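Participant: Numbering (the numbering used here), first residue to last: 1 to 181. Below is the structure I would like to discuss, written out as structure tokens.
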Ligand code: SF4
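This is how it looks when you write it as structure tokens:
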């Protein structure tokens with residue numbers, strides 16, 4: 001059994017169309033990173049980011065992201081639903097790991113986000129509140145995983161909900177770990 005247990009944490013995302021829903025994070029007791037290329041092979045819709053490393057996919061209306069020591073599940077109504085989804089993900093991980101001798105691992109990664117794509121989804125005011133001289137250098141650091149999206153506070157303020165939701169979705173789909181989700 002690869003997933004041997006986890007500690008559960010629930011948190012409210014900073015911007016979400018489901019304000020009453022929370023994200024669940026399972027802090028894993030052991031490293032499961034070796035299973036990611038096998039999951040990438042068996043889940044046709046999964047997006048694998050070898051550099052993170054992380055793998056993301058949709059499951060019953062939830063966004064699931066798996067890192068070596070963590071599993072995140074979006075849009076949970078509470079602990080009961082979070083545990084049910086996490087148990088299903090754990091089952092998938094364990095079954096895939098048990099069958100790994102029959103599976104050809106897929107190490108190919110999902111297309112990375114470019115700085116210009118990220119720039120399009122930032123507020124674009126060049127206000128410098130993130131500590132950078134403008135939005136473009138922040139976007140460049142963001143896509144190279146050297147900056148946290150939470151540093152762009154204007155993105156989380158009223159008027160930017162659409163961009164915020166889309167950018168967090170693009171980052172989450174590629175396994176970016178940041179405190180904005
Ligand atoms: S805080 Fe956000 S809007 Fe302001 S310069 Fe930085 S990236 Fe641009």
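C-beta: ideal position from N, C-alpha, C; glycine also. Just so you know, these numbers come straight off a predicted model, no measurement behind them.
Fully enclosed by the stretch 72-125, which alpha helix (DSSP H) runs are 4 residues long or longer?
Facilitator: Runs found: 79-98, 115-121.
Participant: Is it right to say residue 40 is buried, meaning 16 or more other beta carbons lie within 10 angstroms of its own, or is it exposed?
Facilitator: Buried is the call here.
Participant: Spell out a yes or no on whether the stretch 83-93 and the stretch 20-40 are touching, meaning 3 or more CB-CB pairs, one atom from each, closer than 8 Å.
Facilitator: Touching, yes.
Participant: Look at residue 109 and residue 67 and say whether their C-beta atoms are less than 9 Å apart.
Facilitator: It is not a contact, given that the beta carbons lie outside the stated cut-off.
Participant: Sorted by chain position, which residues of the same chain lie with C-beta nearer than 7 Å to residue 119's C-beta, five sequence neighbours on each side aside?
Facilitator: Same-chain partners within the cutoff: 135, 136, 139.
Participant: Work out the CA separation of residue 115 and residue 77 for me, nearest whole Å.
Facilitator: When rounded, the distance between both Cα atoms is 34 Å.
Participant: What do you get for residue 142, buried or exposed, if any count of 16 or more other CB atoms within 10 angstroms of its CB means buried?
Facilitator: Residue 142 should be labelled buried.
Participant: Shorter than 8 Å, the distance from the beta carbon of residue 82 to the closest heavy atom of ligand 1, or not?
Facilitator: No.
Participant: So, are the CB atoms of residue 131 and residue 47 less than 9 Å apart?
Facilitator: Their beta carbons are not under 9 Å apart, which means residue 131 does not touch residue 47 by this criterion.
Participant: Indicate whether residue 105 and residue 38 have their beta-carbon atoms separated by less than 9 Å.
Facilitator: Yes. Within cutoff.
Participant: Using beta-carbon positions only, say whether residue 72 and residue 172 come within less than 9 Å of one another.
Facilitator: In this structure, residue 172 lies closer than 9 Å to residue 72 by Cβ.
Participant: Tell me the rounded alpha-carbon separation between residue 154 and residue 169.
Facilitator: The straight-line gap from Cα to Cα measures roughly 17 Å.
Participant: Measure from the alpha carbon of residue 10 to the alpha carbon of each residue in 69, 55, 74, then state which is nearest.
Facilitator: Residue 74 is the option with its Cα nearest to residue 10.
Participant: When burial is assigned at 16 or more other CB atoms within 10 Å of the CB, is residue 113 buried or exposed?
Facilitator: When all chains shown are included, residue 113 counts as buried.
Participant: Going by the C-beta, is residue 170 closer than 8 Å to any heavy atom of ligand 1?
Facilitator: No, the Cβ of residue 170 stays beyond 8 Å of every heavy atom of ligand 1.
Participant: Cutting at 7 Å between CB atoms, please list the residues of its own chain near residue 45, excluding the five before and the five after it.
Facilitator: Same-chain partners within the cutoff: 57, 58.
Participant: Spatial neighbours of residue 128 within its chain, please: CB distance less than 8 Å, with the 5 preceding and 5 following residues excluded, ordered by chain position.
Facilitator: Excluding positions up to five away in sequence, the list reads 134.
Participant: Is residue 66 helix, strand or coil when you go by DSSP?
Facilitator: Note: residue 66 maps to strand in three-state DSSP.
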